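Undergrad: To start, I am sharing the structure in question, which I have written as structure tokens.
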Amino acid sequence: MRNKPFIASIGAALGLLAAAPVMAKDVLLFNRIGPTKSELYVANADGTGEHKLIATPGYDYNAKFSDDGQWIVFTSERQGLGQSDIYRVKADGSALERLTDDPAVDDQAALSPDNRYIAFMSDRGSHRANIWLLDLQTRKLTNLTGKAPIQGDPNKPDGFYRPSWSPDGKWIAFTSDRNTEWKSHDKGAAWEHLQELSVYIVHPDGSGLKRLSPEGVMTGSPKWSADGKQLIAYQGDVEVSWLSRVDQLSMKATSQIVAIDVASGQSTELTSGPGVKLNPQFLPDGRFGYSTKSAQTTGIMYSDGPKPFPANLREPSWRKDGKQVIYERIDNLPMAQNTQLYSWDQQYEYRYTDVFPMFAKDGTLALSAKDVDTSLVTMNADGSNRQLVFQSTTKCAAGKNPSGQCGDMIGVALTPSWMPDSQSIVFSFGGYWRTRDQNVANVKLIHRDGSGVEDLTSPTSNTGFASVSPDGKRMVYRSWAKGDEGLRIMDLATRQVRVLTNDWDNVPGWSPSQDLIVFTRKQTDGNFDIYTIKPDGSDLKRLTTFPGSDAHAVWSWDGKKILWNSSEYGFKDEAALYDNSFQPYGQVWAMNPDGSGKQMLTDSRWEDSMPAFAPPAALRTAAEQ
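When the letters of the sequence shown are read in order and numbered with mature numbering (1 follows the signal peptide of the UniProt record, and there is no 0), they come out as residues -24 to -1, 1 to 601.
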């Protein structure tokens, strides 16, 4: 059993530019994938009269009208980025009120027809997504789906999402991936999970659970017809739950809008043709509205054609009379390095970083600038003195790195690993992830000023994700070639290579304090887990055993902790609704090197990963600037 994190309210903002040479808190950097801006807008159903709902700034989303049109409930991260609570406001934007107050994820609220209750998704108590009810008069909370007859197998996906009240208030429809399997896309070749979803209905007292949509597909976001006899939802192949949440892949995905007969469970397709269609709702004039999301078309659509809405909107929800629609307008521009995030553990100050952060002994931070073009850059811990070290070839024509090198290969620069003298960096360059079978990649060494780049492994195969030993004499890396898979160790003086493992192993990291290597292994059942092994190949230990994905493990700067990304508590929402989020279920965890003391460090609805504790040298350097 994994320990729950110590949850605390967010403290005062303590910047990296502290006045004292030693900060009051340790800093945890990690990457987050999600919109950098989300604001609520209301418009007439034809797209005219658009106006911002709330004058005060906030990170707001997932809004819905009450049945009488007087109130709007929505989710906001006004208490700190990543910490979501339910709010309500009058339809004119006045009388803003916070309804929930918990460090857990509270989201996807819907008001009952009499405005007495809200049904919402929350992972409070268990870190798993459940449907909760809040009595707005007594403030009593009830976990609607937390009872044994409704709960599924805890070792499988077991989330409950997107509640919707029937017009008479006697039923609640929702979606769930309960009792499905942890499956990855591309027939199990990848580690990002698919999400199989079904539509269910249940009475508000938890009785009468009934599934209305078929197994083996993705059916989401149900809404009731005015007479309570039908539900409208989106539906598609399970693979669409992956394709639709990655921008460059969404053009390949198709889902349709379906009507589901509540009595029989029979469904009828209401749309046809390509494209991802989401968020449907019946309208009183006989039409229905929905949203589209793909690289070609994004916005609000109606069954009788499109209307002039902006492209960057998400989650439309119509007033019951169909005259107005509320939605969020999002911005996916990169988040600034060191943006303060909500801290679930009061020991640490949480801040945003670009990917693969790695600190040198002198406190300099190296990372892959994915938010720009995935080149290799260095900077001080506070983000100042940013220097380009190696230019990725995605923008090579715009300027080469200081050594004049741009590389003969097409690719990105990943996983920097510092030499002990803080003067040189080992890194990976080339085609990785989905392109690894078609592209070459190798490990390189470069001076921190961008000069003297040299190949450590052959540029004719695909190797990468290297990590240097504490003494700088060896490095471990992964090899990707048929018949030559697994981890390899190179003597950096002689360039001699020996085999460490021959399995599907990746992202190795050499402990900074002992002769121990952490890495991720794919099991025969498709599961990914964290292992450690000694450099001589002895003492192999499996540290995680959960059936989902545990991956991307790294060491803390002092070698006392292993940090990694885990899917243990599952999705917090329907996967198809995310934007460019590869593993939206992923949260940051920490454990001891022997696998004990597992602790979840983040609890957001977004993908949190790529963690790194800032060492004292980095904090001192930042304080001196």
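Built from N, CA and C at the ideal position, the CB exists for glycine as well.
Every value quoted in this text rests on a predicted model; they were computed, and no experiment measured them.
Quick check on Asp481: does DSSP put it in helix, strand or coil?
TA: DSSP places Asp481 in strand when its eight states are reduced to three.
Undergrad: As an exercise, report each continuous alpha helix (DSSP H) stretch of at least 4 residues that is fully enclosed by the segment 516 to 600, in chain order.
TA: Those alpha helix (DSSP H) runs which fall completely within the segment 516 to 600 and span 4+ residues are 592 to 600.
Undergrad: Taking Ser217 as part of the alpha helix (DSSP H), name the residues at either end of that continuous run.
TA: Looking at the DSSP string, the run of the alpha helix (DSSP H) that includes Ser217 is 216 to 219.
Undergrad: Between the beta-carbon of Val416 and the beta-carbon of Asn438, is there less than 7 Å?
TA: Yes.
Undergrad: Could you pull out every residue in the same chain whose Cβ sits closer than 6 Å to the Cβ of Arg54, ignoring the five residues on either side in sequence?
TA: If we look at Arg54 and ignore the five residues flanking it on each side, its Cβ neighbours are Gly34.
Undergrad: Does the Cβ-Cβ distance between Met334 and Pro392 come in under 7 Å?
TA: It is a contact, given that the beta carbons lie within the stated cut-off.
Undergrad: Give the straight-line distance between the Cα atoms of Ser434 and His528, rounded to the nearest whole angstrom.
TA: When rounded, the distance between both Cα atoms is 24 Å.
Undergrad: Could you tell me the alpha carbon to alpha carbon distance between Ile177 and Gly406, rounded to whole angstroms?
TA: Rounded to the nearest angstrom, the two C-alpha atoms are 49 Å apart.
Undergrad: CA-CA distance, Leu(-9) and Leu341?
TA: For Leu(-9), the predicted structure reports a pLDDT of 37, less than 50, and the residue's modelled location is therefore unreliable. A value from the coordinates is still provided. Those two C-alpha atoms are separated by around 13 Å.
Undergrad: Cα-Cα, which of Pro292, Asp203, Pro310, Ala105 is closest to Pro260?
TA: Pro260 has its Cα closest to that of Asp203, out of Pro292, Asp203, Pro310, Ala105.
Undergrad: Can you name, in chain order, every residue of its own chain whose Cβ lies under 8 Å from the Cβ of Glu291, other than the five neighbours on each side?
TA: The residues are Tyr37, Asn38, Ala39, Asn255, Ser267, Tyr303, Glu304, Leu553.
Undergrad: Candidates Lys574, Ser226, Ser580, Gly573: which alpha carbon is nearest Gln563's?
TA: With distances taken between Cα atoms, Gln563 lies closest to Ser580.
Undergrad: Would you report the Cα separation of Asn7 and Arg327, rounded to the nearest angstrom?
TA: Rounded to the nearest angstrom, the two C-alpha atoms are 8 Å apart.
Undergrad: Taking only runs of the alpha helix (DSSP H) that begin and end inside the segment 150 to 214, which ones reach a length of at least 4 residues, in chain order?
TA: 161 to 164, all fully within the segment 150 to 214.
Undergrad: Consult DSSP for residue 640 and reduce its assignment to one of helix, strand or coil.
TA: As shown, the chain starts at -24 and ends at 601. That puts residue 640 outside it, with no answer to give.
Undergrad: Which residue spans inside the segment 28 to 107 form an unbroken beta strand (DSSP E) run of at least 3?
TA: Fully enclosed beta strand (DSSP E) runs of 3 or longer: 36 to 41, 47 to 52, 61 to 66, 82 to 87, 93 to 98.
Undergrad: Report the partner residues of Tyr137 according to the DSSP bridge assignment.
TA: The partner list for Tyr137 (beta bridge, DSSP) reads Thr151.
Undergrad: State whether the segment 563 to 575 contacts the segment 229 to 241, with contact taken as three or more CB pairs (one from each stretch) at a distance under 8 Å.
TA: Result no; under three Cβ-Cβ pairs closer than 8 Å.
Undergrad: For a test of the three-state rule: what should DSSP assign to Met395, helix, strand or coil?
TA: Note: Met395 maps to coil in three-state DSSP.
Undergrad: Once the 5 residues before and after Trp200 are set aside, which same chain residues still bring their CB inside 7 Å of it?
TA: Ser140, Ser142, Pro143, Ala149, Leu207.
Undergrad: Note down the Cα distance separating Thr500 from Pro523, rounded to an integer number of angstroms.
TA: Each residue's Cα considered, the two are about 12 Å apart.
Undergrad: Looking at the structure shown, is Cys372 part of a helix, part of a strand, or coil, going by DSSP?
TA: The pLDDT assigned to Cys372 is 44, lower than 50, so where the model puts this residue is not dependable; a value taken from the coordinates is nonetheless given after this. Cys372: helix per DSSP, three-state reduction.
Undergrad: When DSSP builds the beta bridges, which residues end up paired with Asn119?
TA: Looking at the DSSP assignment, Asn119 forms a beta bridge with Trp108.
Undergrad: Along the chain, where does the beta strand (DSSP E) that runs through residue 622 open and close?
TA: Here the chain comprises residues numbered -24 to 601, so residue 622 is not present and cannot be evaluated.
Undergrad: Can you have a look at Pro11 and say buried or exposed, based on whether 16 or more other CB atoms are within 10 angstroms of its CB?
TA: So Pro11 counts as buried.
Undergrad: Leaving aside the five residues before and after Asn155 along the sequence, list all residues of the same chain whose C-beta is less than 7 Å from its C-beta, in chain order.
TA: Closer than 7 Å at the Cβ level, and outside the excluded window around Asn155, lie Gly128, Asp129, Lys132.
Undergrad: Assuming Met227 is part of the beta strand (DSSP E), what are its boundary residues?
TA: From DSSP, Met227 is part of no beta strand (DSSP E); its letter is neither H nor E.
Undergrad: Val530 and Thr508 - do their beta-carbons sit closer together than 7 Å?
TA: Result no, Cβ atoms of Thr508 and Val530 do not sit closer than 7 Å.
Undergrad: How many Å lie between Met227 and Gln323 at the Cα?
TA: The alpha-carbon atoms of Met227 and Gln323 are separated by roughly 43 Å.
Undergrad: Whole angstroms are fine: how far does the CA of Ile107 sit from the CA of Ala95?
TA: Distance between the alpha carbons of Ala95 and Ile107: 7 Å.
Undergrad: Could you give the residue range of the beta strand (DSSP E) that holds Asn418?
TA: Start and end: 417 to 423.
Undergrad: Within this structure, are the beta carbons of Glu168 and His179 separated by less than 7 Å?
TA: Taking 7 Å as the Cβ cut-off, Glu168 and His179 do not qualify as a contacting pair.
Undergrad: Can you check whether the CB of Leu468 is closer than 7 Å to the CB of Val452?
TA: No; because the gap between Cβ atoms is not below 7 Å, this pair is not in contact.
Undergrad: So, for Gly25: in the same chain, excluding its five sequence neighbours on each side, which residues have a beta-carbon less than 7 Å away from its beta-carbon?
TA: For Gly25, where only same-chain residues beyond five positions count, the Cβ hits under 7 Å are Ala19.
Undergrad: In angstroms, rounded to a whole number, what distance separates the CA positions of Thr151 and Arg138?
TA: Each residue's alpha carbon lies about 6 Å from the other.
Undergrad: Taking C-beta to C-beta, are Val222 and Asn556 nearer than 7 Å?
TA: Yes.
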